[in-house]
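Below is one structure, written out as structure tokens; the observations come after it.
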Amino acid sequence: MYSILKLNDKDTIVKLWFRGWDFGRVYGPAMVVGTAAVFGFLAWNDGIASPVFPFNLAAGLLMGAVGPYTQFRIFPVNDKLLEEHRIVIKAEKTDERAQGASVEVVRGWAADWKRLDIHRQLLAYLAAGAGLIAVLRS
Numbered sequence: 040m041y042s043i044l045k046l047n048d049k050d051t052i053v054k055l056w057f058r059g060w061d062f063g064r065v066y067g068p069a070m071v072v073g074t075a076a077v078f079g080f081l082a083w084n085d086g087i088a089s090p091v092f093p094f095n096l097a098a099g100l101l102m103g104a105v106g107p108y109t110q111f112r113i114f115p116v117n118d119k120l121l122e123e124h125r126i127v128i129k130a131e132k133t134d135e136r137a138q139g140a141s142v143e144v145v146r147g148w149a150a151d152w153k154r155l156d157i158h159r160q161l162l163a164y165l166a167a168g169a170g171l172i173a174v175l176r177s
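Residues 40 to 177 (the working numbering) make up the sequence shown, in order.
So, in structure tokens, the structure goes:
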């Protein structure tokens, strides 16, 4: 994602962003829900008296927070970039020059998306850290 922020062609920026977004759209929800469910199950299975309960619970909650974070923080940026992608693809099909936002605006949206995605990754890393602590303490 870092390299597309250096590009000067908004069509290429949007297309490359779309490839990453499309992959995440397909696989991301199952990975997030599955991981949160596993940590939640481990917390439930060990019980509240277990010394690893708070770590498994924290891991499940942190991983579960990825969904709402994505919905409320990242989706608005996705919508802007998806609309720009639609404009670019439509222009390609009609052999016209794509109208829409300027390259600076598109690059700004891509930078916003990258920053927000780093925050989302931080939630997953914190969940993994809490899960690792639970494993080491059990």
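Note that beta-carbon positions come from the ideal geometry of N, C-alpha and C, so glycine has one too. The structure presented is a predicted model; accordingly, all values stated were derived computationally and were not measured.
Original post:
Buried or exposed: where does Gly86 fall if 16 or more other Cβ atoms within 10 Å of its Cβ makes it buried?
Top reply: By the neighbour-count rule (16 or more Cβ atoms within 10 Å), Gly86 is not buried but exposed.
Original post:
How would you label Glu143, buried or exposed, when you count the other beta carbons within 10 angstroms and need 16 or more for buried?
Top reply: exposed
Subject >> Arg154 - DSSP class collapsed to helix/strand/coil >> reply: Helix at Arg154.
Subject >> Whether Val116 touches Trp152 by CB criterion (8 angstroms) >> reply: Going by C-beta atoms, Val116 is nearer than 8 angstroms to Trp152.
**OP:** Can you tell me which of the three DSSP states Pro90 falls into?
**Re:** Collapsing the DSSP output to three states places Pro90 in coil.
Subject >> Expected contact under 8 angstroms - CB spacing of Phe94 and Ala150 to nearest Å >> reply: Going by Cβ atoms, the distance from Phe94 to Ala150 rounds to 34 angstroms, so no, they are not a contact pair.
**OP:** Specify the secondary structure class of Gln138 as computed by DSSP and reduced to three states.
**Re:** coil
**OP:** Pull up the distance between the alpha-carbon of Gly99 and that of Tyr66, whole angstroms please.
**Re:** 18 angstroms
**OP:** Drop a sphere of 10 angstroms on the beta-carbon of Gly70, count the other beta-carbons inside from all chains shown, and report buried for 16 or more, exposed for fewer.
**Re:** This sequence places Met at residue 70; Gly is not what is there. By the 10 Å Cβ count, Met70 comes out exposed.
Subject >> Alpha carbon of Thr133 to alpha carbon of Ile113, nearest angstrom >> reply: 30 angstroms
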